[in-house]
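Data first, discussion second: the structure below is written as C-alpha cells.
Below is the structure:
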C-alpha cells in the first residue's frame, strides 16, 4: 500500500533563506511522486512531479525536489524563499492503479519578513 | 483555457440533508476524481471516474456517490449529511485514467450545521 509522511507540520523561515520540506513515501511498485501547493482558500497547484528519469526534478517558482529511492524520500527545496511562498505544501504518491493519489498531512510554510 | 471548475464554491447545510457538488474538467480531459479535505489534513480520495465508469473508490460510506456525464462533467452526491462531512471537496481532472497527473479545481467548501 502507498502512503506519504510529511515530517514537519510547520516550517517558519526568514525571507531569502533556503528551505527544505521533508517527505518520505511508502510504495510497493512504481513510484510516481508529486508536490502540490495550496494557498489559502484555494485548490491545489502542481509544483513538480517525478515519474521516471532524472532524480532531480525542477518545478515552478524555483522549487526542486530529489527522488532518493534508498531513503524513500522526496524532499522539496528552494534556495531562497519569498513572502509569496507562504502556503501549505502537500507531498503525494500515486497508487498502483488509476489516478488515486495518497497525500501527506501537509507542511505549513511561513516566510518571515 | 478554462481550468477545472467547481460549483458551488461555498454552501451550508444542516444534518440529514443532501448535497450535490458539480465539476467540469479541463477540456479534453476524460477522467474526474473527487477528494475530501478536512481542515488541517491532506486530501483523501473519494472516487475516480473515467468514460462515465467508476474506476476507483476510497474508504467512504455509501452515503457518498458520484457519476460522470457524457460531456465528462461530474457530480458528487452526499446523503444524510453529518457534521463530520464538513470539508473542502476538491475535484481533479486528468487526461485519462492513469496518466499520473491531476489538475485540481478551487473546491467546494461544505459546512454542515
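Residue numbers (our numbering), protein chains in the order written: chain A, 1 to 113; chain B, 1001 to 1113.
The C-beta atom is built at its ideal place from N, Cα and C for all residues, glycine as well.
Model, not experiment: these values are computed from the prediction.
Among the residues of the stretch 1081 to 1096 of chain B, those with a Cβ less than 9 Å away from any Cβ of chain A are 1088, 1090, 1091, 1092, 1094, 1096, in the order of the chain. Between residue 26 of chain A and residue 2 of chain A, the beta carbon gap of about 6 Å places them in contact (Cβ cut-off 8 Å).
Contacts with chain A at 8 Å (Cβ-Cβ) do not include residue 1071 of chain B.
Look at residue 1098 of chain B: its C-beta is under 8 Å from a C-beta on chain A. For the 8 Å CB-CB criterion, residue 86 of chain A and residue 57 of chain A do not form a contact.
Interface criterion met: the Cβ of residue 1055 of chain B is under 8 Å from a Cβ in chain A.
For the 8 Å CB-CB criterion, residue 1034 of chain B and residue 1026 of chain B do not form a contact. Contacts with chain B (Cβ-Cβ distance below 9 Å) from the stretch 40 to 62 of chain A involve 41, 42, 43, 44, 45, 46, 49, 51, listed in chain order. Under the 8 Å criterion on CB atoms, residue 1068 of chain B is classed as non-interfacial with respect to chain A.
Along the stretch 1013 to 1045 of chain B, the positions whose C-beta sits under 9 Å from a C-beta of chain A are 1031, 1033, 1035, 1037, 1040, 1041, 1042, 1043, 1044, 1045, read in chain order.
Your pair residue 1109 of chain B and residue 1005 of chain B does not check out as a contact, with CB atoms roughly 15 Å apart and the cut at 8 Å. Any Cβ of chain B closer than 8 Å to the Cβ of residue 99 of chain A would place that residue at the interface, and such an atom is present. Annotated as proximal: residue 1037 of chain B and residue 1088 of chain B, with beta-carbon spacing under 8 Å.
In this structure, the CA atom of residue 16 of chain A is about 21 Å from the CA atom of residue 66 of chain A. The criterion of a C-beta distance shorter than 8 Å is not satisfied by residue 1015 of chain B and residue 1076 of chain B. With respect to chain B, the C-beta atom of residue 72 of chain A has no partner C-beta closer than 8 Å. When A:33, A:21, A:19 are compared, the shortest CA-CA separation from residue 1101 of chain B is found for A:33. The Cβ neighbour count for residue 1002 of chain B, taken over all protein chains shown within 10 Å, is under 16; the residue is labelled exposed.
Bounds of the beta strand (DSSP E) holding residue 1088 of chain B are 1087 to 1094.
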